[in-house]
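Read through the structure below, which is laid out as structure tokens, and then see the notes.
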Amino acid sequence: MVAVVACGPDEPSDGSGSPKSSASETSSKGTQSARPESTLAVPENIDVVSCAMFTYETPADSKIADQCFACCQHAGFIEATFTNDGHCTCAKAASDNRDVICATPAASVSKDACLECCGDAGFHGFIRDGEASKPAACHCNTPEDTQVCGSQTAPDLACGLCCLQHGFSTVFRSSTAETTCGCAGP
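Sequential numbering from 42 applies to the sequence shown in my numbering.
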């Protein structure tokens, strides 16, 4: 039997001080299994391989979620989800213009102006309070798209895989019927 170690020397532990390996350890709430071979084509900001040995079966399983997040951080990512069929998936912001698209005085005059500017660009927005040396500024974050995977049904596997392939880390139900696939983050 070959054991694959997930995150190197600083990887998450099972609490005993020993790192968990990916060789089929199972808990009642989550499963850690061998890394699946990935044929999913994803952009650079999404990683479906590095921490995929952590699988999530119960929404309240914070231990597996914490291990997934720690592994993703170790791999250089800022977000951890289980969008890839319950396997730990790592994400970071895509290279886009979110930092500057609404950094204008007009978008920074009010919360509503900022939200409208960011929303029109496909992001959520917020006003960062000004300081003596810097005025208040509108910042966009967390992209959201209800069109790119809108033909998929949420929250099924096809919806999650479609969102990952388009650089998004999470899914949501975007219609009033709550069946249309929407993608968000990181």
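Glycine is no exception: its CB is placed at the ideal position from the N, C-alpha and C atoms.
Best match in the options for proximity to residue i [C-alpha to C-alpha]
i: Asp137; options: Glu157, Cys155, Ala162; result: Ala162
i: Phe123; options: Ser210, Arg139, Phe164, Arg169; result: Ser210
i: Cys112; options: Glu98, Tyr97, Cys129; result: Cys129
i: Cys190; options: Asn182, Gly166, Thr221; result: Thr221
i: Val141; options: Ser103, Phe110, Asn182; result: Asn182
i: Arg139; options: Gln114, His165, Ala116, His115; result: His165
Proximal residues to residue i (C-beta, below 7 angstroms), its chain only, five neighbours per side dropped
i: Ala132; result: Asn86, Ile87, Phe118, Glu120, Thr122, Ser210, Gly226, Pro227
i: Ala135; result: Pro84, Asn86, Gly208
Euclidean distance between Cα positions of residue i and residue j
i: Cys204; j: Ser192; result: 12 angstroms
i: Asn125; j: Leu156; result: 30 angstroms
i: Asp153; j: Thr80; result: 42 angstroms
i: Thr96; j: Ile105; result: 7 angstroms
i: Ser149; j: Arg214; result: 30 angstroms
i: Glu98; j: Cys109; result: 13 angstroms
i: Pro184; j: Ser151; result: 20 angstroms
Own chain, CB closer than 8 angstroms to residue i, minus 5 neighbours either side, in chain order
i: Gly201; result: Thr124, Asn125, Asp126, Val212
i: Cys83; result: This sequence places Val at residue 83; Cys is not what is there. Answer for Val83: Val89, Leu205, Gln206, Gly208, listed in chain order.
i: Asp186; result: Gly163, His207, Phe209, Gly223, Cys224, Ala225
i: Thr145; result: Cys158, Cys179
i: Ala116; result: Cys48, Asp88, Ser91, Cys92, Cys131
i: Gly160; result: Gly166
Residue i: first and last residue of the uninterrupted beta strand (DSSP E) it sits in
i: Cys131; result: 128-132
i: Ala225; result: 222-225
i: Phe213; result: 211-214
i: Phe95; result: 95-97
Beta-bridge partners of residue i, as assigned by DSSP
i: Phe167; result: His180
i: Asn125; result: His128
i: Ile142; result: Looking at the DSSP assignment, Ile142 forms no beta bridge with any residue, so it has no partner.
Residues near residue i by beta carbon distance below 6 angstroms, same chain, minus five either side
i: Ala147; result: none
i: Ala199; result: Gln193
Unbroken alpha helix (DSSP H) run spanning residue i, endpoints
i: Ala106; result: 103-115
i: Ala199; result: 198-206
i: Gly191; result: Taken as a continuous stretch (DSSP letters only), Gly191 belongs to no alpha helix (DSSP H), as it is neither H nor E.
i: Asp137; result: Where Asp137 is concerned, there is no enclosing alpha helix (DSSP H), given that its DSSP letter is neither H nor E.
i: Leu156; result: 152-161
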